[in-house]
Amino acid sequence: MKSWASALSGLILPLLVMTTVVPTAHADTITNVQQAPFVQNAHAIKQALWQGNYHAITPHIHPKKGVRFSMYAHIDPTTDKVFSRSDFHHYLKRSRIKFTWGEQDGKGDLLITTLPDYLANWVVRDVSLDFDSVAINEFYHGGNSLNNLKQIYHKHDFVEFGFKGSKRWDYLDWRVLRLVFEHHQGRPYLVAIITDEWTI
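Letter by letter, the sequence shown follows residues -27 to -1, 1 to 173 of mature numbering (1 follows the signal peptide of the UniProt record, and there is no 0).
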């Protein structure tokens, strides 16, 4: 006969496919954080990215500061690409104009491509990717790249969508999408889209 613990674990484990991490253990606070406007916006932006509906992201972009793109966890204020809301909209339509986004880990080759291609093939890369964790104002995944998000955006809210990787690749194929928000006139707006993955 199975013990009550093993029987209970059989019921619980299927519910743990998606893990939500918040900086508190109080259930009422967890519920409030999950329902916070910036969290709802993060889910909407992530969905727009994975559906290829990039124009839907435009109204979420900060009207004054625009949105920064960082290829890895380490944010470089001097080289990261920043688009104003109008520029983001403009370069989605003028999809032949290419930008230098940064150096790719390993070979050090520059990533030079259009805004739509960067979103599709760097930020999203694989539409079938199923994130298994959502961390709110906390980091659930990390690698060798120095993560300075809290130093650059020390008073900002952020949501991290994480994929822990697959056993086939010894979990080295983990990936992270972090969306950072700043409040403006009482509303949260997107100020950064940060991706991260295993680096050498």
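Glycine residues also receive a C-beta, built at the ideal position from the N, C-alpha and C atoms.
Asked: At a cut-off of 6 Å, is Q158 close to the ligand GTP when judged by its beta-carbon and the heavy atoms of the ligand?; Found: Summarising the ligand content, the structure contains no ligands, and the ligand GTP is consequently not present.
Asked: Touching or not, the stretch 6 to 21 and the stretch 145 to 159, by the rule of three or more beta carbon pairs under 8 Å?; Found: yes
Asked: If you run the structure through DSSP and keep just helix, strand and coil, what is F61?; Found: helix
Asked: How big is the Cα-Cα spacing for L83 and F61?; Found: 21 Å
Asked: Tell me where the alpha helix (DSSP H) around W23 begins and ends.; Found: P10 to Q24
Asked: Give me the Cα-Cα distance between I85 and S106, rounded to the nearest whole angstrom.; Found: 30 Å
Asked: Going by Cα to Cα distance, which pick from I34, W95 and Q8 is closest to Y162?; Found: I34
Asked: Would you call the CB atoms of T87 and S68 closer than 7 Å?; Found: yes
Asked: Within a Cβ cutoff of 6 Å, which residues of the same chain sit near Y126, ignoring the five residues on either side of it in sequence?; Found: V153
Asked: Name the two residues that bound the continuous beta strand (DSSP E) containing Y162.; Found: R160 to E170
Asked: Relative to the C-alpha of A9, which residue among R148, D130 and R141 is closest?; Found: D130
Asked: Comparing C-alpha positions only, which one of W147, P32 and A21 sits nearest to N117?; Found: W147
Asked: Quick check: N94 and A46, are their CB atoms within less than 7 Å of each other?; Found: no
Asked: Can you give me the Cβ contacts of A(-1) inside the same chain, cut-off strictly under 7 Å, excluding the 5 residues immediately before and after it?; Found: Because A(-1) sits at a pLDDT of 42, beneath the cut-off of 50, its placement in the model cannot be relied upon, and the following sentence gives the value as read from the coordinates. Counting only Cβ-Cβ distances below 7 Å, and skipping sequence neighbours, we find nothing.
Asked: How many angstroms separate the CA atom of P89 from the CA atom of E170?; Found: 20 Å
Asked: Pull up the CB-CB distance for G75 and T52, whole angstroms please, since I reckon it's below 8 Å.; Found: 6 Å
Asked: Provide the residue span of the beta strand (DSSP E) that contains D130, from first to last.; Found: D130 to F136
Asked: Put W147 into one of helix, strand or coil per three-state DSSP.; Found: coil
Asked: What residue does the alpha helix (DSSP H) around L122 start on, and which one ends it?; Found: L122 to I125
Asked: Report the residue from V96, G79 and K38 whose alpha carbon sits nearest the alpha carbon of W23.; Found: V96
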